[in-house]
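In my numbering, the protein residues as written are 1 to 737. The C-beta atom is built at its ideal place from N, Cα and C for all residues, glycine as well. Computed from a predicted model, the values in this text were never measured in an experiment.
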């Protein structure tokens, strides 16, 4: 019941959810103050600070009306000392809307949250009226996945409870307003539980329909009714037969006596009376058979429904578990990305940071172009350029630190590996260690290298350098022997003849040459190999330092220049998409090798240039959610047999047998055009894919070598590979060992 419905009651002009309005005004004035003075007192009260309102205004319950959508009105009861923030919190809970999205207006003016209810305007009956509205969508800061709020009266009335009292305002004969307080008593009856059942799955109780109403009201009351008939009624028994069964005799005609024996007597118990039609219906066997069949079919239907309901519940549970698993994986991925952004270590981590800086720069340029023009735009672009330089310098400093740490770690691992003796398994599985002269030399020079890196005083450093010179005389076959010996002698002269000198650069060059000395072996010839000049940096480099791609015509650009040329992007996301394609193709036991020949740069080209970095169905442009499933799931994956979808859309897409009959014809035509572009871009990949299929090397791409399983016929019990063993598999096994 709302205020609008109460106005329609007979003999009442006004009815509100409110106690009697007290006399408002200054409590220090006389009670007989007129209305105009009370209005002035209210204006003075609104100007009082909040800390003095509690002392001036007596606490009372008042009625507050909220106008929703300009026409619908709802009412609530609050104290006059309630703040606007508390009222928003309470009314927001009834509409299931957060208080920060609500706005209370009075006379087209927004009321602040700090203001009290007593400091706002009320009408002649002491009722406070407000306009309840929502913030604009542009001003809301909605979270990811949160829907825009709305004021739904159905939600409000489901949670609405009638107050304990209502205030009725009526006019008497003289035209004055009179306030009447009407108390609402709860006369709800306790309904008896007669019959019903409980659902085992949901736990809901279902009662019979007639129990939803009250008990039957009998007009005749027998509480104090006294009757003599009911007080004097007694039960009396009467024997109508012999006490037990026995024989009897009787006279027939006065002379002859008839004897009746009780040996063949039997007792007949009367049953319920039934008509002939009822008897024939009971004895109708065909009807009974039909009844049994009908009940059996009903049982079969009930059992089918039970199984279907159980299956449905199982599918719903599996769906929820799958959604929970996907959410957990998404959270782990987000945490992993955030950790990589805070503590970058690999090349992909720094590329991701550079990509974030690039996205931020593009967004700022759009904002500047929208807000500024002329000289102001040039100034903002200069400020943006300075910020970008600072960010890139910070990232590059961290990159240099990580590169230096990784270089030291690799050098330490290399020195440890060079100093390890040769180990193999000998007779009776005994492990045999062979410590060669070169391993002993490597360990000895490694210890000297560590001593040269320590910071010691001047005298200890001179002793160490003298020792190093004596050791270095035995390594005259080293190509850079002269340079290293000259650097050590130069440092000795500086330490002897100068008081203060900076020899850090000198020592760094000594450490580099000493590390090359440890790796040098006179028995091993330098492997020059084939080299080529990079067309970008004009530096001659070996072929292993050039970037090889499936769509290139010749080897022309080194890896360093190639990665500088392309824009900074999140390479981890493209690598994850490629791994997902290879994992799915391996599960489906595909016969082609296109998914295993492609590289990360090819996946970037397919997503960015062919599918324009968004899903073709939902236009979702979040790169981490995109996948490249098969277009026709019966054919092997290839750049011209794939479609760009999100992860959830890809799972639904694989449920279709023929997508051309389900999707819109315009969408099918657009997918065909994208496939033509992919076939034109990757037309040279067919020859490479054919070679990989014939050799069988494609299936081992992306596999963890420690988990590679070899067929038993490739390694006989003797421990040596057989002649029929696959050379590619033997090569992988050799690498594992």
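| Check | Outcome |
| --- | --- |
| Check residue 469 in the structure and name its three-state DSSP category. | helix |
| Please go through the stretch 99-132 and give each complete beta strand (DSSP E) segment of 3 or more residues, from N-terminal end onward. | 102-105 |
| Could you please give the first and the last residue of the uninterrupted alpha helix (DSSP H) stretch that includes residue 675? | 665-681 |
| Over the uninterrupted alpha helix (DSSP H) stretch that includes residue 276, give me the two end residues. | 276-282 |
| Just the C-alpha distance for residue 82 and residue 173, rounded to the nearest angstrom, thanks. | 36 Å |
| Between which two residues does the alpha helix (DSSP H) harbouring residue 514 extend? | 504-519 |
| Just to check my reading of the structure: residue 96 and residue 137 have Cβ atoms closer than 8 Å, yes? What is that Cβ distance to the nearest angstrom? | Contact flag wrong, Cβ pair sits at about 18 Å. |
| Return the chain-ordered list of same chain residues with a C-beta closer than 6 Å to the C-beta of residue 258, the five sequence neighbours on each side being excluded. | 250 and 252 |
| For residue 435, collect the residues of the same chain with a Cβ closer than 6 Å to its Cβ; drop the 5 residues on either side in sequence, then sort them by chain order. | 421 |
| Using a Cβ-Cβ cut-off of 6 Å (strictly less than) and excluding sequence neighbours within five positions of residue 124, which residues of its own chain qualify? | none |
| Taking the straight line between their C-alpha atoms, what separation do you get for residue 514 and residue 600? | 38 Å |
| Could you compute how far the alpha carbon of residue 679 sits from the alpha carbon of residue 639? | 7 Å |
| Between the C-alpha atoms of residue 304 and residue 79, what's the straight-line distance to the nearest angstrom? | 59 Å |
| Within its chain, find whatever has a CB closer than 7 Å to the CB of residue 445; leave out the 5 residues flanking it on each side and keep chain order. | 517 and 518 |
| Is the CB-CB distance between residue 654 and residue 629 below 9 Å? | yes |
| Do the stretch 567-587 and the stretch 611-629 meet, that is, are 3 or more Cβ pairs less than 8 Å apart? | yes |
| Smallest Cα separation from residue 73: which of 110, 120, 127 and 642? | 127 |
| In terms of residues, what are the limits of the alpha helix (DSSP H) holding residue 739? | In the structure as shown, the chain begins at 1 and stops at 737. Residue 739 is therefore absent and cannot be evaluated. |
| Under three-state DSSP, which class holds residue 390? | helix |
| Short of 6 Å in beta carbon distance, which residues of its chain neighbour residue 340, apart from the five on each side in sequence? Order them along the chain. | 349 |
| Would you mind sorting residue 546 into buried or exposed? The rule is 16 or more other CB atoms within 10 Å of its CB. | buried |
| Residue 407 to residue 663, Cα distance in whole Å? | 54 Å |
| Spatial neighbours of residue 557 within its chain, please: CB distance less than 8 Å, with the 5 preceding and 5 following residues excluded, ordered by chain position. | 534, 535, 536, 546, 547 and 565 |
| Can you pull the DSSP bridge partners for residue 83? | 116 |
| Only counting the same chain, and skipping five residues up and downstream in sequence, which positions put a Cβ closer than 6 Å to that of residue 562? | 547 |
| Could you check what DSSP says for residue 573 in three-state terms: helix, strand or coil? | helix |
| With distance defined between alpha-carbon atoms, name the residue in 643, 651, 687 and 335 nearest to residue 672. | 643 |
| Residue 141 by DSSP, collapsed to three states: which one? | coil |
| Is residue 77 near residue 122, with beta carbons less than 9 Å apart? | no |
| Do residue 484 and residue 506 come within 9 Å of each other at the CB atom, strictly closer than that value? | no |
| Taking the alpha-carbon of residue 399 as reference, which of 273, 385 and 353 has the nearest alpha-carbon? | 353 |
| Hey, residue 134 and residue 102 are a contact pair by Cβ (cut 8 Å); roughly how many whole angstroms apart? | 7 Å |
| Determine the closest residue to residue 109 out of 99, 120 and 100, with distance taken between C-alpha atoms. | 120 |
| Is the stretch 410-425 touching the stretch 381-390, taking contact as three or more C-beta pairs under 8 Å? | no |
| Please list the terminal residues of the continuous beta strand (DSSP E) segment that includes residue 423. | 422-425 |
| To the nearest angstrom, how far is it from the Cα of residue 633 to the Cα of residue 317? | 27 Å |
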